[in-house]
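Structure first, then comments.
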Amino acid sequence: MLGISDVKLFMTLLVRDEEDIVGENLDFHLAQGVDRVIVTDNGSEDRTLDILRGYEDRGLVELLLEPADDYSQGRWVTKMARLAADQGADWVINADADEFWWPRTGTVRSAFEELGGEVGIVVAHRTNFVPRPEDGRPFWERMTLRERESLNPLGKPLPPKVAHRAHPEITVVQGNHRVEGPDLGEPVDDGSIEILHFPMRAYAQFENKIVKGGRAYARNRELPDRIGRTWRRLYELWERGGLRDHYREQVAEQEGGDLLEDTRLRDYLRALGRPAAPQPAG
Numbered sequence: 023m024l025g026i027s028d029v030k031l032f033m034t035l036l037v038r039d040e041e042d043i044v045g046e047n048l049d050f051h052l053a054q055g056v057d058r059v060i061v062t063d064n065g066s067e068d069r070t071l072d073i074l075r076g077y078e079d080r081g082l083v084e085l086l087l088e089p090a091d092d093y094s095q096g097r098w099v100t101k102m103a104r105l106a107a108d109q110g111a112d113w114v115i116n117a118d119a120d121e122f123w124w125p126r127t128g129t130v131r132s133a134f135e136e137l138g139g140e141v142g143i144v145v146a147h148r149t150n151f152v153p154r155p156e157d158g159r160p161f162w163e164r165m166t167l168r169e170r171e172s173l174n175p176l177g178k179p180l181p182p183k184v185a186h187r188a189h190p191e192i193t194v195v196q197g198n199h200r201v202e203g204p205d206l207g208e209p210v211d212d213g214s215i216e217i218l219h220f221p222m223r224a225y226a227q228f229e230n231k232i233v234k235g236g237r238a239y240a241r242n243r244e245l246p247d248r249i250g251r252t253w254r255r256l257y258e259l260w261e262r263g264g265l266r267d268h269y270r271e272q273v274a275e276q277e278g279g280d281l282l283e284d285t286r287l288r289d290y291l292r293a294l295g296r297p298a299a300p301q302p303a304g
């Protein structure tokens, strides 16, 4: 088992048009003890790149650019994960911009520090936070309702994500739900880390994501149709003119039933000093 001071924790992010959340994601995970973040930007057309450049200038982010519009997530994340291994990482979290890895106790870093040497994979289950009425505040101030049990749009349990011990020959499978390649050690699935998931934050953001992602999947002839099934189905819904109604059905006013009040991320980002009002462009 590595000594506490020896553990190097890296995170990878693949982003596209995430100006409303990427800064919060980086601030949160860096405050939680992530040493370095490798980010691939896949053709963002909003302020995402400007935000990332600011973190890059401070030496907190290594920024890669991938202009291909076929959403080859597995290939791009694998490249970042292997780069992390080459740079001396011990553990790698492969995250999305809308995912916040939340430890049951302590920090994300301490959760990995406490793992025994026999452990090679950490399984983290996701919980969806539902959209709230848009009122000009950032998503984390508004979105304080989460589902008791999260299902995907197909009605199946939301699949977990995994973090893994770094290895230069690892392969991250499309979706970041599992890894392939060398034997990294035993998996642990004990709830020590969960993922707070914020996929639908505003309708404009959600529509942009589904349309661009759906078209990118359609361009990728290497992936079978079962990969990205949720995204593909929502894109088909958009083509039929039903995506806005789908979004409206998800917007919640108050807790109750299958929804619980959960202010953990809001309170944490407030404590970090994140601005609670929209920031001017530029």
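The sequence shown begins at 23 in the working numbering and counts up by one. No residue lacks a Cβ here, since even glycine has one placed at the ideal position from N, Cα and C. Remember, predicted model here, so these are calculated numbers, not experimental data.
Minimum C-alpha distance to residue i - residue among the options
i                 : options                       : result
valine 37         : Gly55, Leu82, Pro125, Ile60   : Ile60
phenylalanine 151 : Gly138, Ile143, Asp120        : Asp120
alanine 111       : Val29, Val184, Ile215, Gly236 : Val29
glutamate 156     : Arg223, Gly138, Lys101, Leu87 : Arg223
alanine 238       : Arg296, Thr193, Ser94         : Ser94
glutamate 271     : Tyr225, Tyr257, Val184        : Tyr225
leucine 215       : Thr34, Gln276, Lys183         : The sequence shown places isoleucine at residue 215, not leucine. Comparing Cα positions, the closest option is Lys183.
leucine 87        : Gly203, Leu35, Gln109, Glu283 : Leu35
glycine 278       : Leu167, Tyr290, Asp212        : Leu167
serine 172        : Pro125, Arg148, Leu74, Gly158 : Arg148
leucine 82        : Arg131, Leu52, Asn64, Gln109  : Leu52
arginine 255      : Asn174, Leu137, Gly65, Met102 : Asn174
histidine 219     : Pro153, Ser132, Gly158        : Pro153
methionine 33     : Gln54, Leu74, Ile115, Gly65   : Ile115
threonine 252     : Gly138, Glu78, Gly177, Val144 : Gly177
aspartate 213     : Val144, Glu275, Met102        : In the sequence as presented, aspartate is not what sits at residue 213; that position holds glycine. Per the Cα distances, Val144.
Residue range of the alpha helix (DSSP H) that includes residue i
i             : result
glycine 76    : 70-79
asparagine 47 : 44-53
leucine 265   : 265-272
threonine 100 : 95-108
arginine 164  : 161-164
glutamate 135 : 130-135
Boundaries (first-last residue) of the beta strand (DSSP E) holding residue i
i             : result
glutamate 216 : 215-219
arginine 58   : 58-63
leucine 291   : Premise fails: leucine 291 lies in the alpha helix (DSSP H), 286-294, not in any beta strand (DSSP E).
glutamate 208 : 208-210
glycine 148   : In the sequence on display, residue 148 carries arginine and not glycine. Note, arginine 148: beta strand (DSSP E), 141-150.
arginine 187  : 183-187
valine 114    : 113-118
valine 83     : 83-87
threonine 127 : Looking at the DSSP string, threonine 127 is not in any beta strand (DSSP E), and its letter there is neither H nor E.
leucine 180   : Taken as a continuous stretch (DSSP letters only), leucine 180 belongs to no beta strand (DSSP E), as it is neither H nor E.
methionine 33 : 31-37
leucine 282   : 281-283
arginine 168  : 167-169
For residue j and residue i, believed in contact at Cβ under 8 angstroms, the rounded distance
i             : j            : result
aspartate 72  : proline 160  : Not quite, the Cβ-Cβ distance comes to about 17 angstroms (not below 8 angstroms), so this is no contact.
aspartate 280 : arginine 170 : 5 angstroms
glycine 142   : glycine 76   : With 8 angstroms as the limit, glycine 142 and glycine 76 do not qualify as a contact, their Cβ atoms being about 34 angstroms apart.
arginine 104  : glutamate 84 : 13 angstroms between Cβ atoms; not a contact.
glutamine 54  : arginine 126 : So it is not a contact: roughly 13 angstroms between Cβ atoms.
glutamate 191 : proline 204  : 6 angstroms
Counted within 10 angstroms of its Cβ, other Cβ atoms place residue i as buried (16 or more) or exposed
i             : result
proline 246   : Confidence is the limiting factor: at proline 246 the pLDDT is only 46, short of 50, which leaves the residue's position unreliable, though a coordinate-based value still follows. Under this definition proline 246 is an exposed residue.
glutamate 7   : This structure gives no information on residue 7, because the portion of the chain shown stretches from 23 to 304.
valine 56     : buried
valine 273    : exposed
threonine 285 : exposed
alanine 90    : exposed
alanine 303   : In this prediction, alanine 303 scores a pLDDT of 45, lower than 50, which makes its location untrustworthy; no coordinate-derived value is stated.
aspartate 39  : buried
glycine 235   : buried
glycine 45    : buried
leucine 265   : buried
proline 297   : exposed
aspartate 289 : exposed
Beta-carbon spacing of residue i, residue j below 8 angstroms
i              : j                 : result
valine 201     : histidine 186     : yes
isoleucine 232 : tryptophan 260    : yes
tryptophan 98  : threonine 70      : no
alanine 107    : histidine 189     : yes
alanine 146    : tryptophan 123    : yes
threonine 193  : threonine 129     : no
tyrosine 257   : phenylalanine 228 : no
histidine 199  : proline 181       : yes
glutamine 196  : glycine 96        : yes
leucine 287    : phenylalanine 134 : no
leucine 294    : aspartate 92      : no
leucine 291    : tryptophan 162    : yes
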